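Dropping the structure here:
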(Lines of atoms letter the chains of each structure in order from A and count residues from 1; the text may use other names and numbers.)
(Lines give C-alpha, C1' and ligand atoms only; values in the text may rest on other atoms or scores of the structure.)
Protein backbone atom coordinates (compact mmCIF):
# COMPACT_ATOMS: atom_id res chain seq x y z
CA UNK A 1 0.00 0.00 0.00
CA UNK A 2 2.85 2.34 0.78
CA UNK A 3 4.51 1.78 -2.57
CA UNK A 4 1.40 2.01 -4.71
CA UNK A 5 -0.38 4.93 -3.08
CA UNK A 6 2.03 7.77 -2.32
CA UNK A 7 1.08 11.40 -2.17
CA UNK A 8 0.78 13.14 -5.52
CA UNK A 9 4.03 14.27 -7.18
CA UNK A 10 5.38 17.55 -5.84
CA UNK A 11 4.29 19.73 -8.75
CA UNK A 12 0.82 18.23 -8.84
CA UNK A 13 0.45 18.66 -5.09
CA UNK A 14 1.58 22.26 -5.28
CA UNK A 15 -0.80 23.05 -8.11
CA UNK A 16 -3.63 21.34 -6.26
CA UNK A 17 -2.95 23.30 -3.09
CA UNK A 18 -2.82 26.55 -5.02
CA UNK A 19 -6.13 25.78 -6.70
CA UNK A 20 -7.89 24.67 -3.53
CA UNK A 21 -6.57 27.25 -1.14
CA UNK A 22 -6.10 30.75 -2.49
CA UNK A 23 -4.66 33.41 -0.27
CA UNK A 24 -7.98 34.00 1.48
CA UNK A 25 -8.20 30.35 2.44
CA UNK A 26 -4.59 30.31 3.61
CA UNK A 27 -5.35 33.21 5.92
CA UNK A 28 -8.34 31.34 7.29
CA UNK A 29 -6.25 28.21 7.74
CA UNK A 30 -3.76 30.13 9.86
CA UNK A 31 -5.99 32.62 11.63
CA UNK A 32 -9.19 30.90 12.75
CA UNK A 33 -7.66 27.84 14.43
CA UNK A 34 -5.08 30.07 16.14
CA UNK A 35 -7.67 32.53 17.45
CA UNK A 36 -10.05 29.80 18.61
CA UNK A 37 -7.31 27.80 20.34
CA UNK A 38 -5.89 30.92 21.96
CA UNK A 39 -9.33 31.84 23.28
CA UNK A 40 -10.18 28.36 24.54
CA UNK A 41 -6.82 27.61 26.14
CA UNK A 42 -6.42 31.11 27.54
CA UNK A 43 -9.75 30.98 29.36
CA UNK A 44 -9.21 30.40 33.08
CA UNK A 45 -5.44 30.54 32.67
CA UNK A 46 -4.75 31.45 36.30
CA UNK A 47 -7.52 29.37 37.90
CA UNK A 48 -5.37 26.29 38.68
CA UNK A 49 -2.73 26.64 41.36
CA UNK A 50 0.76 25.98 40.04
CA UNK A 51 1.46 22.25 40.10
CA UNK A 52 4.63 20.63 41.39
CA UNK A 53 6.14 20.37 37.92
CA UNK A 54 5.43 24.05 37.31
CA UNK A 55 7.06 24.92 40.63
CA UNK A 56 10.15 23.07 39.46
CA UNK A 57 10.07 25.19 36.31
CA UNK A 58 9.85 28.37 38.40
CA UNK A 59 12.62 27.24 40.74
CA UNK A 60 15.02 26.36 37.92
CA UNK A 61 14.36 29.21 35.48
CA UNK A 62 14.81 31.87 38.17
CA UNK A 63 18.38 30.69 38.76
CA UNK A 64 21.22 32.22 36.78
CA UNK A 65 22.42 30.50 33.62
CA UNK A 66 25.47 28.93 35.26
CA UNK A 67 23.29 27.45 38.00
CA UNK A 68 20.82 26.08 35.46
CA UNK A 69 23.58 24.36 33.50
CA UNK A 70 25.07 22.94 36.69
CA UNK A 71 21.65 21.64 37.72
CA UNK A 72 21.17 19.92 34.37
CA UNK A 73 24.33 17.91 34.95
CA UNK A 74 22.63 16.45 38.02
CA UNK A 75 18.97 16.20 37.09
CA UNK A 76 16.28 17.06 34.49
CA UNK A 77 18.61 17.32 31.48
CA UNK A 78 15.70 16.18 29.33
CA UNK A 79 13.99 19.52 30.07
CA UNK A 80 17.15 21.63 29.87
CA UNK A 81 16.33 23.41 26.62
CA UNK A 82 12.91 24.38 27.91
CA UNK A 83 14.40 25.73 31.13
CA UNK A 84 16.92 27.86 29.25
CA UNK A 85 14.22 29.26 26.95
CA UNK A 86 11.97 30.02 29.90
CA UNK A 87 14.90 31.61 31.74
CA UNK A 88 15.12 34.17 28.93
CA UNK A 89 11.32 34.60 28.86
CA UNK A 90 11.02 35.14 32.62
CA UNK A 91 13.84 37.66 32.57
CA UNK A 92 11.87 39.65 30.00
CA UNK A 93 8.28 39.19 31.18
CA UNK A 94 8.44 38.18 34.83
CA UNK A 95 7.42 35.04 36.69
CA UNK A 96 3.68 35.55 37.17
CA UNK A 97 1.45 32.56 36.44
CA UNK A 98 0.20 34.28 33.27
CA UNK A 99 3.72 34.99 32.08
CA UNK A 100 5.03 31.48 32.71
CA UNK A 101 2.00 29.77 31.13
CA UNK A 102 1.62 32.10 28.14
CA UNK A 103 4.36 30.40 26.02
CA UNK A 104 2.41 27.15 26.26
CA UNK A 105 -0.81 28.91 25.20
CA UNK A 106 0.97 30.42 22.21
CA UNK A 107 2.55 27.08 21.33
CA UNK A 108 -0.80 25.28 21.39
CA UNK A 109 -2.37 28.02 19.28
CA UNK A 110 0.51 27.82 16.82
CA UNK A 111 0.12 24.05 16.69
CA UNK A 112 -3.54 24.50 15.69
CA UNK A 113 -2.48 26.69 12.77
CA UNK A 114 0.22 24.26 11.66
CA UNK A 115 -2.29 21.46 11.95
CA UNK A 116 -4.72 23.34 9.75
CA UNK A 117 -2.02 23.75 7.10
CA UNK A 118 -1.20 20.06 7.36
CA UNK A 119 -4.84 19.11 6.99
CA UNK A 120 -5.16 21.35 3.94
CA UNK A 121 -2.15 19.70 2.37
CA UNK A 122 -3.25 16.14 3.13
CA UNK A 123 -7.05 16.27 2.91
CA UNK A 124 -8.11 19.68 1.61
CA UNK A 125 -8.83 23.16 3.05
CA UNK A 126 -12.10 22.34 4.80
CA UNK A 127 -10.61 19.29 6.51
CA UNK A 128 -7.66 21.47 7.52
CA UNK A 129 -9.77 24.08 9.28
CA UNK A 130 -11.89 21.40 10.92
CA UNK A 131 -8.75 19.65 12.18
CA UNK A 132 -7.54 22.88 13.78
CA UNK A 133 -10.92 23.47 15.42
CA UNK A 134 -11.15 19.89 16.71
CA UNK A 135 -7.67 20.21 18.17
CA UNK A 136 -8.77 23.34 20.08
CA UNK A 137 -11.72 21.47 21.60
CA UNK A 138 -9.66 18.63 23.11
CA UNK A 139 -9.53 19.14 26.91
CA UNK A 140 -5.94 17.89 27.12
CA UNK A 141 -4.87 20.71 24.81
CA UNK A 142 -6.24 23.25 27.31
CA UNK A 143 -4.79 21.31 30.23
CA UNK A 144 -1.21 21.45 28.97
CA UNK A 145 -1.51 24.79 27.21
CA UNK A 146 -2.10 26.15 30.71
CA UNK A 147 0.96 24.50 32.22
CA UNK A 148 4.43 25.99 32.47
CA UNK A 149 6.10 22.91 31.00
CA UNK A 150 7.40 21.94 27.59
CA UNK A 151 4.55 19.69 26.41
CA UNK A 152 2.65 22.24 24.30
CA UNK A 153 5.90 23.20 22.57
CA UNK A 154 6.54 19.53 21.87
CA UNK A 155 3.14 19.23 20.17
CA UNK A 156 3.91 22.31 18.06
CA UNK A 157 7.29 21.02 16.90
CA UNK A 158 5.98 17.54 16.14
CA UNK A 159 3.33 19.04 13.86
CA UNK A 160 5.78 21.50 12.34
CA UNK A 161 8.34 18.78 11.61
CA UNK A 162 5.64 16.81 9.78
CA UNK A 163 4.67 19.85 7.71
CA UNK A 164 8.32 20.52 6.87
CA UNK A 165 8.73 16.90 5.79
CA UNK A 166 5.96 17.37 3.23
CA UNK A 167 7.70 20.49 1.98
CA UNK A 168 10.92 18.50 1.67
CA UNK A 169 9.09 15.98 -0.48
CA UNK A 170 7.93 18.84 -2.71
CA UNK A 171 11.56 19.77 -3.43
CA UNK A 172 13.88 17.00 -2.25
CA UNK A 173 16.87 18.72 -3.84
CA UNK A 174 16.53 21.74 -1.56
CA UNK A 175 19.27 21.66 1.09
CA UNK A 176 17.52 24.40 3.04
CA UNK A 177 14.32 22.39 3.36
CA UNK A 178 16.23 19.37 4.60
CA UNK A 179 18.09 21.59 7.06
CA UNK A 180 14.84 23.12 8.36
CA UNK A 181 13.33 19.65 8.82
CA UNK A 182 16.40 18.29 10.60
CA UNK A 183 16.74 21.32 12.89
CA UNK A 184 13.07 21.07 13.85
CA UNK A 185 13.62 17.43 14.80
CA UNK A 186 16.63 18.48 16.87
CA UNK A 187 14.48 21.04 18.65
CA UNK A 188 11.81 18.40 19.21
CA UNK A 189 14.34 16.00 20.70
CA UNK A 190 15.82 18.69 22.92
CA UNK A 191 12.38 19.42 24.34
CA UNK A 192 11.39 15.78 24.77
CA UNK A 193 13.26 12.78 23.37
CA UNK A 194 10.25 10.47 23.41
CA UNK A 195 8.44 12.69 20.91
CA UNK A 196 11.00 11.67 18.28
CA UNK A 197 8.95 8.50 17.88
CA UNK A 198 6.93 10.61 15.41
CA UNK A 199 9.81 9.91 13.02
CA UNK A 200 8.33 6.42 12.56
CA UNK A 201 5.42 8.03 10.71
CA UNK A 202 7.83 10.19 8.74
CA UNK A 203 9.78 7.09 7.73
CA UNK A 204 6.64 5.60 6.17
CA UNK A 205 6.15 8.73 4.08
CA UNK A 206 9.80 8.82 3.04
CA UNK A 207 9.67 5.16 2.06
CA UNK A 208 6.60 5.78 -0.09
CA UNK A 209 8.36 8.52 -2.05
CA UNK A 210 11.73 6.80 -2.18
CA UNK A 211 10.28 4.27 -4.63
CA UNK A 212 10.14 7.09 -7.18
CA UNK A 213 13.20 9.03 -6.04
CA UNK A 214 15.88 6.73 -4.66
CA UNK A 215 18.01 9.67 -3.58
CA UNK A 216 15.56 10.10 -0.71
CA UNK A 217 17.08 7.03 0.95
CA UNK A 218 20.50 8.56 1.48
CA UNK A 219 19.22 12.11 1.96
CA UNK A 220 16.83 11.11 4.71
CA UNK A 221 19.45 8.84 6.27
CA UNK A 222 21.93 11.72 6.32
CA UNK A 223 19.36 14.10 7.85
CA UNK A 224 18.34 11.65 10.56
CA UNK A 225 21.94 10.71 11.31
CA UNK A 226 22.75 14.40 11.79
CA UNK A 227 19.82 14.70 14.18
CA UNK A 228 21.01 11.66 16.13
CA UNK A 229 24.58 12.98 16.42
CA UNK A 230 23.42 16.40 17.62
CA UNK A 231 21.09 14.90 20.20
CA UNK A 232 23.43 12.17 21.44
CA UNK A 233 24.99 14.15 24.34
CA UNK A 234 21.61 15.15 25.75
CA UNK A 235 20.18 11.66 25.30
CA UNK A 236 23.13 10.04 27.07
CA UNK A 237 23.00 12.53 29.94
CA UNK A 238 19.24 12.12 30.29
CA UNK A 239 19.62 8.36 30.25
CA UNK A 240 21.98 8.53 33.22
CA UNK A 241 19.33 10.45 35.21
CA UNK A 242 16.25 8.48 34.22
CA UNK A 243 16.14 6.14 37.22
CA UNK A 244 15.93 9.09 39.62
CA UNK A 245 13.28 10.94 37.65
CA UNK A 246 11.02 8.12 36.45
CA UNK A 247 11.58 5.41 39.02
CA UNK A 248 8.07 6.01 40.38
CA UNK A 249 6.28 5.35 37.04
CA UNK A 250 4.79 1.82 37.05
CA UNK A 251 5.53 -0.68 34.29
CA UNK A 252 2.41 -0.67 32.08
CA UNK A 253 0.40 -3.80 31.39
CA UNK A 254 -1.71 -4.52 28.33
CA UNK A 255 -4.75 -2.73 29.73
CA UNK A 256 -2.68 0.43 30.25
CA UNK A 257 -1.93 0.47 26.52
CA UNK A 258 -5.58 0.00 25.58
CA UNK A 259 -6.87 2.62 28.03
CA UNK A 260 -4.22 5.31 27.46
CA UNK A 261 -6.46 7.28 25.10
CA UNK A 262 -8.75 8.61 27.83
CA UNK A 263 -5.72 10.06 29.59
CA UNK A 264 -4.14 11.43 26.41
CA UNK A 265 -7.31 13.37 25.53
CA UNK A 266 -8.21 14.04 29.21
CA UNK A 267 -11.76 13.15 28.21
CA UNK A 268 -13.41 9.85 27.45
CA UNK A 269 -16.17 11.53 25.46
CA UNK A 270 -13.74 13.56 23.38
CA UNK A 271 -11.49 10.55 22.77
CA UNK A 272 -14.45 8.46 21.61
CA UNK A 273 -15.77 11.21 19.33
CA UNK A 274 -12.42 11.91 17.64
CA UNK A 275 -11.62 8.23 17.17
CA UNK A 276 -15.08 7.66 15.66
CA UNK A 277 -14.62 10.58 13.28
CA UNK A 278 -11.12 9.37 12.42
CA UNK A 279 -12.59 6.05 11.27
CA UNK A 280 -14.66 8.02 8.73
CA UNK A 281 -11.59 9.63 7.16
CA UNK A 282 -11.37 9.12 3.42
CA UNK A 283 -8.80 10.26 0.89
CA UNK A 284 -7.57 9.15 -2.52
CA UNK A 285 -4.10 9.78 -1.08
CA UNK A 286 -3.62 6.61 0.92
CA UNK A 287 -0.19 7.72 2.08
CA UNK A 288 -1.85 10.69 3.82
CA UNK A 289 -4.06 8.30 5.79
CA UNK A 290 -1.08 6.07 6.51
CA UNK A 291 1.02 8.99 7.78
CA UNK A 292 -1.65 10.09 10.25
CA UNK A 293 -2.55 6.55 11.34
CA UNK A 294 1.06 5.64 12.10
CA UNK A 295 1.58 8.96 13.88
CA UNK A 296 -1.50 8.37 16.03
CA UNK A 297 -1.04 4.69 16.85
CA UNK A 298 2.61 3.66 16.71
CA UNK A 299 4.26 6.00 19.29
CA UNK A 300 2.16 4.67 22.22
CA UNK A 301 3.07 1.13 21.21
CA UNK A 302 6.77 1.97 20.92
CA UNK A 303 6.80 3.74 24.30
CA UNK A 304 4.87 0.85 25.87
CA UNK A 305 7.44 -1.64 24.56
CA UNK A 306 10.33 0.54 25.75
CA UNK A 307 8.70 0.66 29.20
CA UNK A 308 8.83 -3.10 29.71
CA UNK A 309 12.45 -2.92 30.87
CA UNK A 310 13.88 -1.41 34.02
CA UNK A 311 12.36 2.07 33.57
CA UNK A 312 8.85 2.99 32.46
CA UNK A 313 8.30 6.00 30.19
CA UNK A 314 4.59 5.29 29.77
CA UNK A 315 2.84 8.50 30.77
CA UNK A 316 -0.02 10.06 28.83
CA UNK A 317 1.59 13.49 28.92
CA UNK A 318 4.57 12.13 27.00
CA UNK A 319 2.22 11.11 24.17
CA UNK A 320 0.33 14.37 23.72
CA UNK A 321 2.09 14.88 20.39
CA UNK A 322 -0.18 12.18 18.91
CA UNK A 323 -3.28 14.38 19.36
CA UNK A 324 -2.60 16.33 16.12
CA UNK A 325 -2.71 13.07 14.14
CA UNK A 326 -6.11 12.20 15.60
CA UNK A 327 -7.34 15.73 14.90
CA UNK A 328 -6.19 15.45 11.27
CA UNK A 329 -7.98 12.15 10.75
CA UNK A 330 -11.07 13.42 12.59
CA UNK A 331 -11.08 16.59 10.48
CA UNK A 332 -10.92 14.49 7.33
CA UNK A 333 -13.69 12.25 8.64
CA UNK A 334 -15.92 15.17 9.58
CA UNK A 335 -15.31 16.78 6.20
CA UNK A 336 -16.25 13.54 4.43
CA UNK A 337 -19.35 12.99 6.57
CA UNK A 338 -20.69 16.55 6.36
CA UNK A 339 -21.07 18.13 2.96
CA UNK A 340 -22.07 21.52 4.35
CA UNK A 341 -20.54 23.86 6.90
CA UNK A 342 -23.84 23.96 8.79
CA UNK A 343 -23.78 20.24 9.44
CA UNK A 344 -20.11 20.32 10.38
CA UNK A 345 -20.69 23.25 12.73
CA UNK A 346 -23.57 21.42 14.39
CA UNK A 347 -21.38 18.38 15.04
CA UNK A 348 -18.61 20.60 16.39
CA UNK A 349 -21.11 22.19 18.76
CA UNK A 350 -22.17 18.74 19.98
CA UNK A 351 -18.54 17.80 20.59
CA UNK A 352 -17.96 21.05 22.47
CA UNK A 353 -20.92 20.28 24.74
CA UNK A 354 -19.74 16.69 25.28
CA UNK A 355 -16.30 17.89 26.35
CA UNK A 356 -17.59 20.80 28.47
CA UNK A 357 -17.43 18.88 31.75
CA UNK A 358 -13.82 17.86 31.11
CA UNK A 359 -12.93 21.38 29.99
CA UNK A 360 -14.17 22.61 33.37
CA UNK A 361 -12.34 19.83 35.16
CA UNK A 362 -8.92 20.73 33.74
CA UNK A 363 -9.43 24.26 35.07
CA UNK A 364 -10.15 23.19 38.66
CA UNK A 365 -7.87 24.83 41.25
CA UNK A 366 -5.82 21.71 41.99
CA UNK A 367 -5.97 19.87 38.68
CA UNK A 368 -2.31 20.62 37.89
CA UNK A 369 -1.14 18.73 40.95
CA UNK A 370 -3.34 15.68 40.58
CA UNK A 371 -3.18 12.75 43.02
CA UNK A 372 -0.20 11.00 41.40
CA UNK A 373 1.91 10.41 44.49
CA UNK A 374 0.51 13.03 46.85
CA UNK A 375 -2.80 14.88 47.15
CA UNK A 376 -2.91 18.48 45.88
CA UNK A 377 -1.89 21.31 48.19
CA UNK A 378 -3.51 24.75 48.42
CA UNK A 379 -0.34 26.83 48.36
CA UNK A 380 -2.24 29.96 47.38
CA UNK A 381 -4.59 29.96 50.39
CA UNK A 382 -1.73 29.14 52.74
CA UNK A 383 0.29 32.05 51.41
CA UNK A 384 -2.69 34.42 51.66
CA UNK A 385 -3.25 33.38 55.27
CA UNK A 386 0.38 33.94 56.23
CA UNK A 387 0.54 37.28 54.42
CA UNK A 388 -2.58 38.44 56.31
CA UNK A 389 -1.13 37.66 59.77
CA UNK A 390 2.59 38.08 59.11
CA UNK A 391 4.81 40.15 61.40
CA UNK A 392 8.39 41.18 60.67
CA UNK A 393 10.80 38.69 62.22
CA UNK A 394 8.53 35.67 61.72
CA UNK A 395 10.19 32.40 60.69
CA UNK A 396 8.80 29.34 58.92
CA UNK A 397 9.07 25.55 59.05
CA UNK A 398 8.09 23.53 55.99
CA UNK A 399 7.20 19.85 56.17
CA UNK A 400 9.65 18.55 53.58
CA UNK A 401 9.58 14.98 54.88
CA UNK A 402 6.02 14.22 53.80
CA UNK A 403 5.49 16.65 50.94
CA UNK A 404 7.27 17.46 47.68
CA UNK A 405 7.58 21.17 46.86
CA UNK A 406 5.31 22.46 49.62
CA UNK A 407 7.97 25.05 50.41
CA UNK A 408 8.33 26.24 46.82
CA UNK A 409 4.56 26.42 46.36
CA UNK A 410 3.98 28.67 49.35
CA UNK A 411 7.04 30.79 48.58
CA UNK A 412 5.78 31.39 45.04
CA UNK A 413 2.45 32.79 46.23
CA UNK A 414 3.84 34.85 49.10
CA UNK A 415 4.47 38.54 48.34
CA UNK A 416 8.02 38.91 47.07
CA UNK A 417 8.86 41.39 49.79
CA UNK A 418 7.75 39.07 52.59
CA UNK A 419 10.86 37.32 53.91
CA UNK A 420 10.93 34.63 56.57
CA UNK A 421 13.87 32.56 57.72
CA UNK A 422 13.43 28.89 56.83
CA UNK A 423 14.31 27.51 60.27
CA UNK A 424 15.52 24.02 59.40
CA UNK A 425 16.88 24.71 55.92
CA UNK A 426 20.55 23.87 55.55
CA UNK A 427 20.94 24.03 51.75
CA UNK A 428 18.42 25.45 49.28
CA UNK A 429 18.02 23.59 45.95
CA UNK A 430 19.75 26.31 43.94
CA UNK A 431 22.74 26.24 46.28
CA UNK A 432 23.42 22.57 45.58
CA UNK A 433 22.23 22.52 41.93
CA UNK A 434 19.39 20.16 42.68
CA UNK A 435 15.58 20.15 42.79
CA UNK A 436 15.31 19.35 46.50
CA UNK A 437 16.46 21.08 49.69
CA UNK A 438 18.55 19.63 52.51
CA UNK A 439 17.42 20.15 56.10
CA UNK A 440 19.63 20.61 59.13
CA UNK A 441 21.05 17.34 60.43
CA UNK A 442 20.91 18.63 64.03
CA UNK A 443 17.61 20.59 64.28
CA UNK A 444 18.38 22.07 67.72
CA UNK A 445 21.30 24.01 66.29
CA UNK A 446 19.10 25.69 63.69
CA UNK A 447 16.73 27.46 66.09
CA UNK A 448 17.57 31.11 66.68
CA UNK A 449 14.90 32.20 69.12
CA UNK A 450 12.29 33.78 66.85
CA UNK A 451 9.15 34.74 68.74
CA UNK A 452 6.79 33.34 66.10
CA UNK A 453 7.19 30.44 63.68
CA UNK A 454 4.78 29.42 60.94
CA UNK A 455 4.50 25.64 60.66
CA UNK A 456 3.26 24.33 57.31
CA UNK A 457 2.50 20.63 57.44
CA UNK A 458 1.10 18.07 55.06
CA UNK A 459 -2.40 16.80 55.88
CA UNK A 460 -4.79 17.83 58.66
CA UNK A 461 -3.23 16.24 61.74
CA UNK A 462 -4.83 17.84 64.87
CA UNK A 463 -1.46 17.99 66.61
CA UNK A 464 0.80 19.86 64.17
CA UNK A 465 3.94 18.47 65.82
CA UNK A 466 2.91 14.94 64.85
CA UNK A 467 2.75 15.94 61.19
CA UNK A 468 6.43 16.82 60.67
CA UNK A 469 9.84 15.27 61.07
CA UNK A 470 9.95 14.09 64.66
CA UNK A 471 13.47 15.42 65.27
CA UNK A 472 12.28 18.87 64.28
CA UNK A 473 9.04 18.40 66.21
CA UNK A 474 10.95 17.59 69.40
CA UNK A 475 12.94 20.84 69.44
CA UNK A 476 9.91 22.93 68.43
CA UNK A 477 7.70 21.35 71.09
CA UNK A 478 10.25 22.24 73.77
CA UNK A 479 10.27 25.94 72.87
CA UNK A 480 6.96 26.76 71.16
CA UNK A 481 3.26 26.18 71.56
CA UNK A 482 0.52 26.36 68.94
CA UNK A 483 -1.42 29.62 68.91
CA UNK A 484 -3.93 28.65 66.24
CA UNK A 485 -4.23 26.41 63.18
CA UNK A 486 -6.18 26.43 59.97
CA UNK A 487 -6.55 23.55 57.52
CA UNK A 488 -6.95 23.84 53.77
CA UNK A 489 -6.71 21.43 50.86
CA UNK A 490 -3.92 18.99 51.60
CA UNK A 491 -2.19 20.97 54.34
CA UNK A 492 -2.44 22.77 57.68
CA UNK A 493 -0.99 26.14 58.64
CA UNK A 494 -0.16 26.61 62.33
CA UNK A 495 1.21 29.67 64.06
CA UNK A 496 3.65 28.72 66.82
CA UNK A 497 4.52 31.25 69.50
CA UNK A 498 7.45 31.08 71.87
CA UNK A 499 6.60 29.38 75.17
CA UNK A 500 8.21 31.48 77.89
CA UNK A 501 7.73 28.64 80.40
CA UNK A 502 10.57 26.86 78.65
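Residue numbers (this note's numbering): 1 to 502. Yeah, the Cβ is synthetic: ideal placement off N, Cα and C, and Gly gets one too. Source: prediction; values computed, not measured.
Best match in the options for proximity to residue i [C-alpha to C-alpha]
i           : options               : result
residue 415 : 384, 435 and 444      : 384
residue 472 : 438, 424, 434 and 486 : 424
residue 408 : 49, 36 and 42         : 49
residue 253 : 177, 420 and 307      : 307
residue 299 : 78, 398, 404 and 315  : 315
residue 288 : 141, 203, 175 and 382 : 203
residue 129 : 24, 171, 212 and 400  : 24
residue 39  : 112, 67 and 387       : 112
residue 506 : 46, 329 and 216       : Absent from the model: residue 506. The displayed extent of the chain is 1 to 502, so no value can be given.
residue 266 : 361, 284, 230 and 336 : 361
residue 440 : 100, 401, 484 and 355 : 401
residue 487 : 248, 224, 458 and 480 : 458
residue 493 : 185, 468, 454 and 188 : 454
residue 43  : 346, 85 and 106       : 106
residue 163 : 132, 141, 114 and 151 : 114
residue 244 : 327, 74, 417 and 63   : 74
residue 499 : 480, 152, 403 and 345 : 480
Per-residue burial, residue i [other beta carbons within 10 Å of its own, 16 or more giving buried]
i           : result
residue 92  : exposed
residue 276 : exposed
residue 21  : Any reading at residue 21 needs caution, since the residue's pLDDT is 45, under 50, leaving its predicted position unreliable; the model's value is listed next. When all chains shown are included, residue 21 counts as buried.
residue 350 : exposed
residue 58  : buried
residue 309 : exposed
residue 470 : exposed
residue 431 : exposed
residue 104 : buried
residue 357 : exposed
residue 339 : exposed
residue 474 : exposed
residue 143 : buried
residue 353 : exposed
residue 98  : exposed
residue 283 : buried
residue 496 : buried
residue 181 : buried
residue 90  : buried
residue 46  : exposed
residue 64  : exposed
residue 483 : exposed
residue 326 : buried
Counterpart residues of residue i in DSSP-defined beta bridges
i           : result
residue 458 : 491
residue 427 : 438
residue 421 : 395
residue 481 : 497
residue 453 : 395 and 496
residue 486 : 493
Terminal residues of the beta strand (DSSP E) in which residue i lies
i           : result
residue 395 : 395-398
Extent of the continuous alpha helix (DSSP H) run through residue i
i           : result
residue 413 : 406-413
residue 73  : 65-74
residue 54  : 52-61
residue 243 : 215-246
residue 171 : Here residue 171 belongs to no alpha helix (DSSP H), and DSSP marks it neither H nor E.
residue 443 : Element bounds for residue 443: n/a, residue is neither H nor E.
residue 186 : 175-191
residue 202 : 199-210
residue 272 : 268-279
residue 254 : 254-258
residue 140 : 139-145
Chain C contact for residue i (CB, 7 Å cutoff)
i           : result
residue 108 : Annotation note: the requested chain C is absent from the structure, which comprises a single protein chain.
Could you tell me which whole beta strand (DSSP E) segments of length 3 or greater appear in the region 90-127? none
Those runs of the alpha helix (DSSP H) which lie wholly inside the region 345-383 and span at least 4 residues: 356-361
Scan the region 292-346 and note each continuous beta strand (DSSP E) run of 3 residues or more that stays entirely inside, going in chain order. none
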